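For the sequence shown, the positions run 1 to 255 when the UniProt record's numbering is used. Below is one structure, written out as structure tokens; the observations come after it.
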Amino acid sequence: MITPDLESGVKVWHLVKNHDHGDQKEGDRGSKMVSEIYLTRLLATKGTLQKFVDDLFETLFSTVHRGSALPLAIKYMFDFLDEQADRHSIHDTDVRHTWKSNCLPLRFWVNVIKNPQFVFDIHKGSITDACLSVVAQTFMDSCSTSEHRLGKDSPSNKLLYAKDIPSYKNWVERYYADIAKLPAISDQDMNAYLAEQSRLHATEFNMLSALNEIYSYVSKYSEELIGALEQDEQARRQRLAYKVEHLINAMSIES
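In structure tokens:
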């Protein structure tokens, strides 16, 4: 808030007006709008933001509209999921689709959409949070393989983008298909990529803290991990089960 002009008695507000009463909730406009006005404003706001939502979804679900090449890690991870599905004879395309959605869009992008303050130095008010929740819900519905049956009692945030979601679903399916068609990433290229990323961000993370978190996970599931490493042929050649067991024993010794 800018300091009020005492001579004219006029208060100048910055972006939003602070509430005069402490018991009034943030974002409460003081009076309820009638449903007709609310619906009209809701549709008008959607129309204003439609291009930005479309641009966001097209950028996230496209291998060519990113402004840069698709990260190697995404291709490598999706190929790994397809390989695991083949290994376990899982031929249901919905299962493969859900795995990929849970790994990237629903695990990462929804969190960024819902919480822009993680990326930008901004304050997220309750009104902004409510609007972003609608976009995030639409994003999640677009990644789903199930049909959304809507009726007159469905919430407005579901009805608002009901006609757009089929198109967004096609974008998601096309995105996964386009990634599957890209050339496979070799282990050597992936290792080189990870080494380069580690070098670029070497001073930005606490390595000991990260290792401690990994150790907590390893010690909790030590039997399952050691058993899996003993069954894997490549892990047996590198004696990974013995190394993990030795590491757990060494870390568990009180010093």
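Note that CB positions come from ideal geometry on N, CA and C, so glycine has one too. All figures in this text were calculated on a predicted structure; none of them were measured in a lab.
Residue span of the alpha helix (DSSP H) that contains residue i, given as start and end
i, result
"ILE179", "165–181"
"ALA235", "233–237"
"ALA192", "187–200"
"TYR215", "207–220"
"TYR242", "240–252"
"THR93", "93–103"
"SER76", "One detail in the question is off: residue 76 reads as Tyr in this sequence, not Ser. Its alpha helix (DSSP H) spans residues 72–87."
"ILE113", "110–114"
"ALA162", "Premise fails: ALA162 is in no alpha helix (DSSP H) and is neither H nor E."
"PHE61", "It is not in any alpha helix (DSSP H) - PHE61 carries neither H nor E in the DSSP assignment."
"VAL135", "126–143"
Selection from the options that minimises the alpha carbon distance to residue i
i, options, result
"LYS100", "VAL244, GLN117, ASP82", "ASP82"
"THR128", "LEU150, ILE113, ALA44", "ILE113"
"HIS148", "ARG107, SER133, PRO166, ILE185", "PRO166"
"SER252", "ARG239, ASN212, GLU224", "ASN212"
"LEU49", "LEU229, CYS131, TYR217, ASN206", "CYS131"
"ASP189", "GLY47, TYR161, PRO71, ARG237", "PRO71"
"LEU104", "GLY125, HIS201, CYS143", "CYS143"
"LEU106", "ASP94, ASP141, LEU39", "ASP141"
"LYS51", "ASP153, ASP164, ASP121", "ASP164"
"SER219", "ASP121, MET207, ALA241", "ALA241"
Span separating the alpha-carbon of residue i from that of residue j
i, j, result
"PRO155", "ASN115", "22 Å"
"TYR168", "PHE57", "7 Å"
"GLN231", "SER222", "14 Å"
"VAL119", "TRP109", "12 Å"
"HIS91", "THR98", "13 Å"
"SER68", "ASN170", "22 Å"
"ASN191", "ILE185", "10 Å"
"PHE250", "SER209", "With the sequence shown as reference, residue 250 is identified as Ala, and Phe is not the correct amino acid for it. ALA250 and SER209: Cα-Cα distance of roughly 18 Å."
"LEU247", "THR45", "57 Å"
"LYS243", "THR145", "42 Å"
"ASP55", "PHE205", "32 Å"
"ARG87", "VAL172", "24 Å"
"ARG237", "GLU224", "19 Å"
"ALA235", "GLU245", "13 Å"
"VAL64", "VAL10", "52 Å"
"GLY30", "HIS201", "Only weak support is given to the placement of GLY30: the predicted model assigns it a pLDDT of 46, under 50, and the value that follows is read from those uncertain coordinates. Each residue's alpha carbon lies about 48 Å from the other."
"GLN117", "GLY47", "25 Å"
"TYR38", "TYR161", "16 Å"
"LEU229", "ASN111", "33 Å"
"ASP94", "ASN102", "12 Å"
"ARG96", "GLU233", "25 Å"
"ARG239", "SER133", "48 Å"
"LEU43", "TYR217", "47 Å"
"ILE226", "PRO183", "33 Å"
"ARG41", "SER126", "18 Å"
Whole-angstrom C-beta distance between residue j and residue i, which should lie under 8 Å
i, j, result
"PHE61", "TYR215", "So it is not a contact: roughly 36 Å between Cβ atoms."
Quiz item: Given 8 Å as the limit, is there contact between the segment 157–165 and the segment 129–139, that is, 3 or more CB pairs closer than that?
Solution: With a cut-off of 8 Å on Cβ pairs, the segment 157–165 is in contact with the segment 129–139, counting three or more such pairs.
Quiz item: For the 8 Å Cβ check, are there 3 or more pairs between the segment 194–211 and the segment 77–95?
Solution: Segments in contact, no.
Quiz item: Would you call the segment 62–75 and the segment 175–188 in contact, with 3 or more CB pairs under 8 Å?
Solution: A contact is defined here as three or more CB-CB pairs under 8 Å, and the segment 62–75 meets this definition with respect to the segment 175–188.
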